[in-house]
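Chemist: Take a look at this one; I'll ask things after.
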Amino acid sequence: SYDDINAKDRPTARYRKAPPPKPLGKLLARESKANMTVTPITTLDEFNELINSGKIICIDFWATWCGPCRMISPIFEKLSESEDFAGAEFYKVDVDEASDVSAEVGIKAMPTFMVFKDGEKLGELVGADDEELENLLKTHAVVEE
4 SYDDINAKDR PTARYRKAPP PKPLGKLLAR ESKANMTVTP ITTLDEFNEL
54 INSGKIICID FWATWCGPCR MISPIFEKLS ESEDFAGAEF YKVDVDEASD
104 VSAEVGIKAM PTFMVFKDGE KLGELVGADD EELENLLKTH AVVEE
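Heads up, the sequence shown is in this note's numbering, so the first residue is 4 and it goes up one at a time.
Right under this line is the structure:
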């Protein structure tokens, strides 16, 4: 056991406090969008509140064990940062953790992407097709000025 190791053989506390992260400077200066991340939805109440908020809500229904979900997730994240979709909010639902949410909308396969506004589903894509995902968002998640 660890207690049986001689004190001189135990690892020492050689860890120093990590230096502060370097500023992202130009990268952050280019990003003016307030919501630059994909936020998890964990409850059915939260889901219903969001889709009825009057905002455009884009949701990725995924699972930790789903390979295609893991492949397209960074693309969904990148699209959420695009100024083209600055008027939309991006969320994700782990279908195993929030099974009531996935049952509510009838998820049958992952990944499934849906766009909602005012409680209505505007569009849906089943599968990890990055071009089709971008088309779904261009069709339903661009706010007309």
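Cβ coordinates follow ideal geometry from the N, Cα and C atoms, glycine included.
For MET74, which three-state DSSP category applies?
Modeler: Three-state result, MET74: helix.
Chemist: Note down, in chain order, each residue of its chain lying with its Cβ closer than 6 Å to the Cβ of PHE79, except the 5 sequence neighbours on either side.
Modeler: ASP63, listed in sequence order.
Chemist: Alpha carbon to alpha carbon, how far is ASP103 from LEU47?
Modeler: The straight-line gap from Cα to Cα measures roughly 6 Å.
Chemist: If you reduce the DSSP assignment to three classes, tell me which class THR46 lands in.
Modeler: It is coil, neither helix nor strand.
Chemist: Would you please state the rounded distance, in angstroms, between the beta carbons of TYR94 and THR142? I believe it to be under 8 Å.
Modeler: With a Cβ gap of about 18 Å, TYR94 and THR142 do not count as contacting.
Chemist: Given a cut-off of 8 Å, decide if VAL96 and ILE59 are closer than it, judged by their beta-carbon atoms.
Modeler: Contact flag unset, no.
Chemist: Taking the C-alpha atoms as reference points, what is the distance between PHE119 and ASN138?
Modeler: So the alpha carbons of these two residues sit roughly 15 Å apart.
Chemist: In the DSSP assignment, what are the bridge partners of PHE2?
Modeler: The displayed coordinates of the chain run from 4 to 148. Any statement about residue 2 would go beyond what the structure contains.
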